[in-house]
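One structure below.
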Amino acid sequence: MKTIGGVKILVITGFMLFYACEKTGVPDIQSIEGTYIGTLVQESGLKNISATLNNANDAFAEVTIVEDGIIEVYCHGDHLDTTFKLNYYDHNDSIMVCDTGDDFENLYGHMLGSGHMGGPMMGDIQQGESEWMHHLYDEHDESDEHFGGFNMDEGMFTYTFRMMDQSDLYHLTFQGAKK
């Protein structure tokens, strides 16, 4: 009888260890999909002063993975209603985003993938290098600007839109928590 009890304890302990060790520390890419409820904050390029545009829940973003490495974001608030696509890249406890297609080329002055000899591949990632760091090294200059990403620990999505009001540049920043 003692042997059966000992086996049960070993089996239970084994299952507990298996499930305790199962988390790898790598964010689940699928978890970026969903609805994020938050705010739009306007920042003036001249004064860099922020002011919330309405109440604390005045905007939302619906994030959908449309293909491997690309998301579609529908963002809506009192002062914004837009849909756009972004590339996404794993970076430790975050998922970082970057423009894609013509938006990438218009912003950075070259086509996505021109930093790779064989196109936008991730096959040459160096040991210890995240997808995001690899993307930065291959595709960007040090001064290139990026506009958002996902904090996987807190379930937050942030993205800054560059806007024009006649000739004045300003930014609208969406920040929301996953619903």
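Start counting the sequence shown at 17; every next residue gets the next number (the working numbering).
Every residue, glycine too, gets a C-beta built ideally from N, C-alpha and C.
query	result
Let me confirm a value: Ser66 is counted as buried when at least 16 other C-beta atoms fall within 10 Å, else exposed. Which label applies?	Residue placement at Ser66 is flagged as unreliable, the pLDDT there being 45, under the threshold of 50; the coordinate-derived value follows with that caveat. Exposed, by the Cβ-count rule.
Assuming contact is defined by CB atoms lying nearer than 9 Å, are Ile87 and Glu147 in contact in what I supplied?	no
Using only alpha-carbon positions, find the residue among Ile81, Glu145, Thr51, Gln58 that is nearest to Tyr186.	Gln58
Given this structure, state the Cα-to-Cα distance separating Thr176 from Gln191, to the nearest angstrom.	9 Å
Exposed or buried, Asp97, counting other C-beta atoms within 10 Å across all chains shown (16 or more means buried)?	exposed
For my contact list, Ile111 and Met168 are in at a C-beta cut-off of 8 Å; report their separation, rounded to the angstrom.	6 Å
Specify the secondary structure class of Pro43 as computed by DSSP and reduced to three states.	Legend: pLDDT at Pro43 = 43, less than 50; position of this residue unreliable, no value from coordinates given.
Less than 9 Å between the beta carbons of His107 and Met149, yes or no?	yes
Tyr124 and Val113 - do their beta-carbons sit closer together than 9 Å?	no
Which same chain residues end up closer than 7 Å to Ala72 when comparing Cβ atoms and leaving out the 5 residues on each side of it in sequence?	The predicted model places Ala72 with a pLDDT of 42, which falls under 50 and marks its position as unreliable; any figure quoted below should be read in that light. Excluding sequence neighbours, Ala72 sits near Thr55.
Helix, strand or coil: how does DSSP classify Gly117 here?	helix
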